[in-house]
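As structure tokens, the structure follows; a few thoughts come after it.
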Amino acid sequence: MDTWIWIVIVIVALIAGVALGFFIARQYMMKYLKDNPPINEDMLRIMMMQMGQKPSQKKINQMMQQMNKASTKPPTKK
27 MDTWIWIVIV IVALIAGVAL GFFIARQYMM KYLKDNPPIN EDMLRIMMMQ
77 MGQKPSQKKI NQMMQQMNKA STKPPTKK
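Have a look at this one:
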């Protein structure tokens with residue numbers, strides 16, 4: 027076989043692998059987020075009540091802001 031045919035086969039296989047990997051990763055993340063939803067105010071309120079604290083809306087808003095700030099901050103190098 028000619029060399030150019032092998033090059034075309036490799037390029038097609040690479041493109042198919044990238045596309046397949048993208049869709050598999052997307053499905054995995056959608057399933058993961060469905061099974062483990064990100065924390066929201068109701069979950070935070072329940073956790074605080076389980077720890078014996080009386081959650082006020084102000085305290086919940088502060089904790090949500092801190093969590094959002096911590097999740098958007100870039101990781102620090104050690």
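Letter 7 of the sequence shown, counting from 1, is numbered 33 in this note's numbering, and no numbers are missing.
Even for Gly, the Cβ is constructed at its ideal location relative to N, Cα and C.
Keep in mind that this is a model prediction, so the values were computed, not measured.
Can you give me the Cβ contacts of residue i inside the same chain, cut-off strictly under 8 Å, excluding the 5 residues immediately before and after it?
i	result
F48	none
What residue range is occupied by the uninterrupted alpha helix (DSSP H) comprising residue i?
i	result
K84	83–98
D28	Per DSSP, D28 belongs to no alpha helix (DSSP H) and is neither H nor E.
I72	67–76
Give me the Cβ distance between residue i and residue j, rounded to the nearest whole Å; I'm assuming they're in contact under 8 Å.
i	j	result
E67	M93	Wrong, their Cβ atoms sit about 11 Å apart, outside the cutoff.
Residues in the same chain with beta-carbon distance under 7 Å from residue i, minus the five sequence neighbours each way, listed in chain order, please.
i	result
I31	none
I33	none
Quick check: is any heavy atom of the ligand HEM less than 7 Å from the C-beta of residue i?
i	result
M69	With respect to the ligand HEM, the structure shown offers nothing to examine, as it has no ligands at all.
Inter-stretch contact (C-beta, 8 Å, three-pair minimum) for the region 72–85 and the region 40–56: no
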